[in-house]
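Beneath this line is the structure, given in structure tokens, with notes to follow.
Number of protein chains: 2
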Amino acid sequence: MFREVEAAHQRIKKFVNSTPVLTSSTLDKITDSNCFIKCENFQKTGSFKFRGACNALSQLSIMQKKKGVITHSSGNHAQALALAAELLGIKAIIAMPQDASPLKVAATEDYGARIITCGNHPTDREKAVEPLIEKHGYTLIHPSNDLRIIAGAGTVAYEFIKEVGKLHYIFSPVGGGGLLSGTAIASKHLVPSIKIIGVEPKNADDAYQSLKAGRIIPVKNPNTIADGLRSSLGSNTFRIIRQNVDQIITVSEEEIVAAMQFLLERMKLVVEPSGAVSIAGVLSKQLDLKSKRVGIIISGGNIDLTDFFARLRKRMHLVNQ
Amino acid sequence: MFREVEAAHQRIKKFVNSTPVLTSSTLDKITDSNCFIKCENFQKTGSFKFRGACNALSQLSIMQKKKGVITHSSGNHAQALALAAELLGIKAIIAMPQDASPLKVAATEDYGARIITCGNHPTDREKAVEPLIEKHGYTLIHPSNDLRIIAGAGTVAYEFIKEVGKLHYIFSPVGGGGLLSGTAIASKHLVPSIKIIGVEPKNADDAYQSLKAGRIIPVKNPNTIADGLRSSLGSNTFRIIRQNVDQIITVSEEEIVAAMQFLLERMKLVVEPSGAVSIAGVLSKQLDLKSKRVGIIISGGNIDLTDFFARLRKRMHLVNQ
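Taken in sequence, the protein lines are chains A and B. For the first sequence, position 226 matches number 236 in the working numbering, and the numbering has no gaps at all. For the second sequence, position 214 matches number 224 in the working numbering, and the numbering has no gaps at all.
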């Protein structure tokens, strides 16, 4: 499937940001390794999801484009598909759960997509879209299990390794598994000796459980701050991850917040909880990374700072009086 | 003085981060121009000040290094000098005003500097350091008016223009004037046609007033959220700015916060109020930038996110119960 990643890279490069790779001497000191951070929080729409969305929509037939596309997403895939659809002049319908971040819902609407609200349980999402597909002939663009989405997500690691060269390890978050699958395909082809590490919240450890059991075990009540990682592996992502990923590790909620705090305070990067789990995995020291070259993918940066700015403005007015 | 900037660049390059330049299609659309953002919030210690500190300390005599250095600063120069001194094995004493950000005070102490607390009025700072210089023979490293500090600050624009090529405009914040002076020296030499724009808070508009009057008019009660810009021009920075800067524009407190919000929410960059004033100046549309190549310097990213994370953890524990 590496050729699909290469083709995706060619197909989407005029739409996507080639995101920067940053380093941090503090992080290197803490981990006793050489870390490289691929910043997909700087991607358009604030997450890597825009890559897969562009890749999938670019490949639709004229008839499919005319009828429109549909998906379900808690936020990042929603925004990504909405913008990609807007750029390509395609109608997009997005089912978003009731507990989705209001900021992500607003951004998705801003890009011109039509939102339908569904329940919070993972299976509610699919129930919401199926009748609409039947009725209107929309094409479903699944947020993670679609092979075009996986190939698009693989362009993150493709670009990353082309820029920094050989890595010993690459850490990626895992939710539905699209990013981890794409990362594994691109990385193992470019650097066969690389170790692929998926990191997920302990409170949504379906990838860990599924790999251990040898079959898909969907997450039941994912109670994690990492809203982008509450979904479960699908048939394609499970197969690809099982074949190509070396290890899945899990991190606690506190480890996720501490990683996010490190990134915001020390590295000045706005990162969402789901985006910070890969750094949390590195900082958790479950693997011996001594003197290794370690690639870390930060998947997105869409957090709600409304409160922070409301308080800042309030304090400012108090001072200015 | 351009040679001093070039020499500083050579002298400090092994210590400093060569910070990335970012672009934003949203910002380009809003401003109808081509913006390049030099991110000194990614500099070591979180601001451009580290460049000047390294340049100044590298040039001390053996005797001066042995006796130690002293300065006064509300935070960014304090942290920068503390780390530069630590790296070079020099003792550093820093006078910080009572109203300095506790986070900046803690960071300065972490780098091993000795802190002395002084009053909040700009003149209190100098009163605090003078007797110590007399008694112990410390070398004063002024945060902005020192020519070695100015040359170090000039390496920001030097690196910036070497990377992105010719610019029509360059926007820099102005507080004590070290960054704006260095920016003007480096930029005018590399691109003689470039327009240098200094941006400062309306509530601390001493540079604007001083240039209008033709003499230094120190700021009296700077009531601005941009804590790094409450200081006034000095003899050197006034002279350099008067000769080389095309225009000083001012921005309101709300414009500063809105710019900061744009940078955090849309560009995923943690930027402090002082660091955001240059973007605020661009967004204020006081200048016609249509189709121009515009360089914008973000000077630093040291904001206090303690509250934000305390609230996040609290919310997380509520959810996890």
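All residues carry an ideal CB built from backbone N, CA and C; glycine is no exception.
Contact between A:C128 and A:A105 holds: CB atoms are separated by about 5 Å, below the 8 Å threshold. With respect to the C-alpha of A:G175, the residue from A:K300, A:S242, A:N246, A:V304 having the closest C-alpha is A:V304. A:P141 and B:L328 have their C-alpha atoms spaced approximately 36 Å apart.
Cβ-Cβ separation between B:V26 and B:I195: approximately 18 Å, too far for a contact (criterion under 8 Å).
Of the other Cβ atoms in all chains shown, fewer than 16 fall within 10 Å of the Cβ of A:S71; this residue is therefore exposed. Note that the C-beta distance between B:V166 and B:T193 is below 8 Å.
Counting along the chain, B:T234 sits inside no alpha helix (DSSP H), nor does DSSP assign it H or E at all. Under the DSSP assignment, A:R303 falls in the beta strand (DSSP E) whose first and last residues are 303–308. B:G186 and B:T36 have their C-alpha atoms spaced approximately 31 Å apart. In this structure, A:A110 is the residue among A:A117, A:R124, A:A110, A:K145 with its C-alpha nearest to the C-alpha of A:P132.
For A:R323, at least one C-beta of chain B is nearer than 8 Å to its own C-beta. In the three-state reduction of the DSSP assignment, B:N213 falls in the helix class. DSSP places A:N130 in the coil class of the three-state scheme, outside both helix and strand. Within the same chain, Cβ atoms closer than 8 Å to the Cβ of B:R124 are found at K101, A102, I103, I104, the five residues on either side in sequence being excluded.
Residue pairing of B:L279 in beta bridges, as defined by DSSP: A:L279. Taking a C-beta distance under 8 Å as the contact criterion, B:G188 and B:S154 qualify as a contact pair.
In the DSSP assignment, B:P107 forms a beta bridge with B:C128. A:L315 sits in coil when the DSSP states are folded into three classes, being neither helix nor strand.
Taken in chain order, the complete beta strand (DSSP E) segments of 3 residues or longer contained in the stretch 45–124 of chain B are 79–82, 102–107. Interface with chain B (8 Å Cβ-Cβ cutoff): A:P30 is included. Scanning chain A for C-beta atoms nearer than 8 Å to the C-beta of B:N155 yields nothing, as the closest lies near 27 Å away. From the listed residues B:T55, B:G310, B:R135, the smallest Cα separation to B:L93 is found for B:T55.
Closest option to B:E282, judged by alpha-carbon separation, among B:K39, B:F58, B:D38, B:T29: B:F58.
In the structure shown, B:V166 adopts helical secondary structure according to DSSP, grouped into three states. Ranked by Cα distance from B:N233, the options A:N51, A:R325, A:S241 are led by A:R325.
Counting the other CB atoms within 10 Å of its CB gives B:N231 a total below 16, which places it among the exposed residues.
With distances taken between CA atoms, B:H152 lies nearest to B:G244 out of B:D120, B:L273, B:G244. Taking each of B:A88, B:R21, B:S43 in turn and checking the Cα distance to B:N65, the smallest one comes out for B:R21. Shortest Cα-Cα distance from A:D314 to any of B:S284, B:K302, B:F272 involves B:F272. With respect to B:L98, B:Y179 sits apart: the two C-beta atoms are not nearer than 8 Å.
Within a 10 Å sphere around the beta-carbon of A:R240 sit 16 or more other beta-carbons, which makes this residue buried. Taking a C-beta cut-off of 7 Å against chain B, the contacting residues of the stretch 274–306 of chain A are L274, E275, K278, L279, V280, listed in chain order. Put simply, the backbone Cα of A:G291 is about 29 Å away from that of A:A117.
With a contact defined as Cβ atoms closer than 8 Å, A:R135 and A:P107 qualify at about 7 Å. Taking a Cβ-Cβ cut-off of 8 Å, the neighbours of A:N51 in chain B comprise K278, given in sequence order.
Judged by their CB atoms, A:S197 and A:I159 are not nearer to each other than the 8 Å cut-off.
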